[in-house]
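Student:
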Amino acid sequence: MANKTVEKISPDTFWDEINAINNKAKDAAIDLLNKQGDNRYIVVMDWEDYYTEYYTDQTAISVSVFGVGLNEDNNLCIAATVNNQGYGCSKNDFEQDWVEVSELFRPCYALLYRFVANNIDKAVTKEEADELADKYWNGNGCDYGKYDWQDCFIYNGFVKVKLDGKYGFINEDGEEIISCKYEDADAFSDGLAKVKSAEGWGFVNEDGEEIVACKYEEVCRFYEGLAKVKSAEGWGFVNKDGEEIVACKYEEACSFSEGLAGVQFAEGWGFVNKDGKEIIPCKYEEVEYFCKGMARVQSKEGWGFVNKNGEEIVACKYEEADDFSDGVARVQSKEGWGWGFVNENGEEIISCKYKDAEAFSDGLALVQSKEGWGFINKEGEEIIPCKYEEAYAFSDRLAKVRSKEGYGFVNEDGEEIVACKYEEVCRFYEGLAKVKSAEGWGFVNENGEEIISCKYEDADDFWYGLALVKSAEGWGTINKDGEEIIPCKYEKVERVSIGMAKVKSKEGWGFVNENGEEIISCKYKDAIFSNGLAIVLSKKGWGFVNKDGEEIIPCKYEEAYAFEGGLSLVKSKKGYGFINNDGEEIIPCKYEDARGFLFGANTAEVKLNGEWINIDKTGKQVQVTEENW
């Protein structure tokens with residue numbers, strides 16, 4: 003965006019960008035897994051990816067994903083645990099099996115794509131993935147055994163445990179690999195774990211051997227084969243053989259990057275190599291990490307860049323400087339406070355004359371002159387003239403711009419693909435962009451054609467071929483041909499999910515299918531679909547309705563909740579109890595308070611005579627054990 007202040011970001015634009023990225027990530031994840039043939043499933047046994055999912059309309063549930071796969075229908079599915087515990091949700095909500103992501107309430111495909119892209123080399127068949135997943139679902143609970151405490155998660159094949167106030171490690175089979183003798187310990191990384199004895203910090207390997215002696219005040223993770231350590235004399239570096247490669251003599255130090263590490267003496271900052279040799283003298287006020295052979299450094303005169311030989315490729319004379327991007331770096335002069343660009347030879351290829359500028363991306367940079375915003379190439383030529391009052395970075399080869407007449411889109415050749423005539427334009431999503439004129443909201447395609455006229459009072463972006471729109475009569479949905487699929491007659495319409503949408507008329511809430519047919523009449527005060535049934539509230543109370551609109555459990559309860567493990571927690575005038583899918587009162591409504599059979603548990607907590615107890619699914623009081631969980 004031209005103006006970098008966050009508060010000026012258009013909410014619609016921001017949301018459009020999020021949705022576009024989410025949709026792109028979904029397609030990319032499917033494509034990556036498709037290319038694996040039969041090896042379409044990934045299970046990561048190191049617990050390195052997390053994902054929060056709003057699983058129902060009622061409850062926000064933290065879901066930790068450890069598996070992502072692609073089923074025979076080419077739909078993404080996940081294996082996960084709930085609330086960071088070693089068990090899944092109930093069979094009706096999140097059974098211990100692969101669940102299609104499309105069934106979830108609000109999936110974030112960007113996070114799932116990261117999981118797939120980072121771990122694609124671990125892709126296996128469905129059968130192999132099932133074996134690994136079973137270890138999480140059925141073998142990764144917090145059974146402490148002989149230990150006072152153990153981590154519920156596996157990191158790089160090891161589990162941290164505690165016994166008699168000391169820490170050690172066991173493997174996935176429960177074998178004690180590193181005895182519980184350390185005062186503190188961190189998880190394994192790169193085959194080594196930080197441990198602390200009475201003498202200090204060090205590192206042990208996976209065989210429990212103390213590779214780096216426990217004698218340091220502080221130790222940090224290994225980067226490029228070396229770890230930063232601190233003794234009484236100062237900071238230095240050790241290798242994985244425990245050898246002190248760089249003497250502990252520096253006041254401060256940074257981790258290695260591209261073979262060099264920033265270090266500080268009283269005189270200033272410089273760089274050492276992996277032999278401990280000071281390659282760049284400690285004379286700078288500040289240094290940054292090396293990136294693509296260059297590092298930003300600051301002297302008393304200003305910011306510049308040095309190469310790995312210590313040569314100042316870009317003189318230290320600038321008020322500010324950014325890292326190199328696309329072969330050039332953005333710099334700000336001290337004299338005129340203008341922005342320009344230098345190349346990797348230190349040449350100021352674009353003079354510092356712009357009021358503002360963004361980094362180059364795909365050969366173009368967004369800049370602001372006195373006349374306005376535009377785009378320049380690396381030769382300093384204005385490819386898109388600096389004439390716009392606002393301009394935004396390119397996305398999908400189009401950039402949003404604003405002239406005095408309104409908003410539109412330009413391509414990389416500076417052509418106005420969508421004329422600057424709209425009060426607002428939003429990012430393209432599923433090939434269409436939402437636009438607003440004086441008449442209302444509509445949609446344009448990437449050729450600038452207004453394929454859905456600007457006649458709606460409000461509109462949302464397209465999602466799986468449908469968009470929510472509001473006319474004078476109410477809310478509905480349209481397809482990409484502008485046809486009304488759900489008639490615009492409702493006070494509220496929620497996005498189509500699991501083949502239906504929740505809608506509200508003057509009479510109340512109901513549900514329509516993806517063809518716009520009202521399958522559950524709009525007569526309820528509230529309605530929530532979960533596990534194939536709708537929990538509905540009438541004047542008489544809460545009950546349950548199926549997809550055919552049949553009231554299979556009468557609306558007579560003061561409270562009702564989604565089915566968990568085949569039972570629903572309900573409240574009558576007599577108290578809390580549990581019913582089955584046929585509406586039969588399996589556990590009498592006699593309790594003062596209750597918590598359902600959550601997350602696949604075989605027990606529930608209930609309150610009777612002021613005391614909380616645990617009961618099984620027959621209503622019998624039991625003691626909670628790992629087995630009946």
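Residue 152 in my numbering sits at position 150 of the sequence shown, and the numbers go up by one each step. The C-beta atom is built at its ideal place from N, Cα and C for all residues, glycine as well. Since this is a predicted model, take the numbers as computed values, not measurements.
Have a look at D328, A323, V299 and flag the residue whose alpha-carbon is nearest the alpha-carbon of E314.
Tutor: Ranking the options by Cα distance to E314, first place goes to V299.
Student: Alpha carbon to alpha carbon, what distance is there between P556 and I537?
Tutor: Taking the straight line joining both Cα atoms gives about 11 Å.
Student: Thinking just about the alpha-carbon of each residue, which of Y394, V427, G551, K542 is nearest to the one in A562?
Tutor: Comparing Cα-Cα distances from A562 to each of Y394, V427, G551, K542, the minimum goes to K542.
Student: Pick from K494, S473, Y492: whose alpha carbon is nearest that of G484?
Tutor: The option with the nearest alpha carbon to G484 is S473.
Student: Which partner residues does Q38 have in the DSSP bridge list?
Tutor: Its beta-bridge partners do not exist; DSSP assigns none.
Student: From this set, S257, A200, V289, which residue's C-alpha is nearest W271's C-alpha?
Tutor: Ranking S257, A200, V289 by Cα distance to W271 puts V289 first.
Student: Select from A31, R116, D99, L434 the residue whose C-alpha is nearest the C-alpha of N76.
Tutor: Per the Cα distances, A31.
Student: Determine the DSSP secondary structure at N481, reduced to helix, strand or coil.
Tutor: In this structure, N481 counts as coil in the three-state DSSP scheme.
Student: Taking 7 Å as the limit between beta carbons, can you name the residues of its chain near A135, skipping five residues before and five after?
Tutor: Correct list, in chain order: V45, G69, A81.
Student: Below 7 Å CB to CB, which residues in the same chain sit around N207 once its five sequence neighbours on both sides are set aside?
Tutor: Closer than 7 Å at the Cβ level, and outside the excluded window around N207, lie G193, L194, I213.
Student: Where does N36 land, buried or exposed, given buried means 16+ other C-beta within 10 angstroms?
Tutor: So N36 counts as exposed.
Student: From which residue to which residue does the alpha helix (DSSP H) around A119 run?
Tutor: 111-121 is the span of the alpha helix (DSSP H), which, as asked, contains A119.
Student: With a threshold of 16 other CB atoms inside 10 Å of the CB of R399, please say whether the residue is buried or exposed.
Tutor: With fewer than 16 Cβ atoms within 10 Å of its Cβ, R399 is classed as exposed.
Student: Given this structure, state the Cα-to-Cα distance separating E269 from C284, to the nearest angstrom.
Tutor: About 6 Å.
Student: According to the neighbour-count rule (16 or more other Cβ atoms, all chains shown, within 10 Å of its Cβ), is E566 buried or exposed?
Tutor: It is buried - the Cβ of E566 has at least 16 other Cβ atoms within 10 Å.
Student: According to DSSP, simplified to helix, strand and coil, what is E607?
Tutor: Looking at E607 - three-state DSSP - the assignment turns out to be strand.
Student: In chain order, what residues of the same chain have a beta carbon less than 6 Å from the beta carbon of D328, not counting five sequence neighbours either side?
Tutor: Excluding positions up to five away in sequence, the list reads F362.
Student: Determine the DSSP secondary structure at D186, reduced to helix, strand or coil.
Tutor: Note: D186 maps to strand in three-state DSSP.
Student: Looking at the secondary structure, which residues open and close the beta strand (DSSP E) in which C557 lies?
Tutor: Start and end: 553-559.
Student: Determine the direct distance from the alpha carbon of E418 to that of E391, and round the result to whole angstroms.
Tutor: Answer to the nearest angstrom: the Cα atoms are 15 Å apart.
Student: Any beta carbon of chain D sitting closer than 7 Å to that of Y559?
Tutor: Reference to chain D is not applicable here, since this structure consists of a single protein chain.
Student: Figure out for me which residue from E519, D550, A440 has the closest Cα to the Cα of G478.
Tutor: G478 has its Cα closest to that of E519, out of E519, D550, A440.
Student: Please work out which residues of its chain come closer than 7 Å, Cβ to Cβ, to N121, disregarding the five sequence neighbours upstream and downstream, and give them in chain order.
Tutor: Once the five neighbours on either side are set aside, the close Cβ partners of N121 are I44, V46.
Student: Please report how far the alpha carbon of W614 lies from the alpha carbon of F599, in whole angstroms.
Tutor: Each residue's alpha carbon lies about 15 Å from the other.
Student: From the DSSP secondary-structure annotation, give me the bridge partner or partners of Q625.
Tutor: DSSP lists no partner for Q625.
Student: Assuming V333 and C354 form a contact by the criterion Cβ under 8 Å, report the distance between their Cβ atoms to the nearest whole angstrom.
Tutor: Confirmed, about 7 Å.
Student: Using the beta-carbon count (16 or more within 10 Å), is Q623 buried or exposed?
Tutor: Q623 should be labelled exposed.
Student: Can you grab the Cα-Cα spacing for the pair F373 / K436, in whole Å?
Tutor: It is Glu, not Phe, that sits at residue 373 in the sequence shown. Using only the alpha carbons, I get a separation of about 28 Å.
Student: Considering only their Cβ atoms, is the gap separating D595 from K609 smaller than 7 Å?
Tutor: Contact flag set, yes.
Student: Does the distance from the C-beta atom of E22 to that of R429 stay below 7 Å?
Tutor: It is worth fixing the name first, because residue 22 is Ala in this sequence and not Glu. Against a cut-off of 7 Å, the Cβ pair of R429 and A22 comes out as a contact.
Student: Checking 7 Å against the spacing of the C-beta atoms, do E178 and G159 come in under that value?
Tutor: No, Cβ-Cβ distance for E178 and G159 is not below 7 Å.
Student: Measure the C-alpha to C-alpha separation of V403 and C422 and round it to an integer number of angstroms.
Tutor: Rounded to whole angstroms, V403 to C422 spans 8 Å at the Cα level.
Student: Would you call the CB atoms of Y526 and S540 closer than 7 Å?
Tutor: In this structure, S540 lies closer than 7 Å to Y526 by Cβ.
Student: Pull up the distance between the alpha-carbon of I588 and that of V221, whole angstroms please.
Tutor: Their backbone Cα atoms lie some 58 Å apart in a straight line.
Student: Could you tell me the alpha carbon to alpha carbon distance between N41 and S191, rounded to whole angstroms?
Tutor: Spanning the two alpha carbons is a distance of roughly 27 Å.
Student: Taking the alpha-carbon positions, what's the F580 to S570 distance?
Tutor: Each residue's alpha carbon lies about 5 Å from the other.
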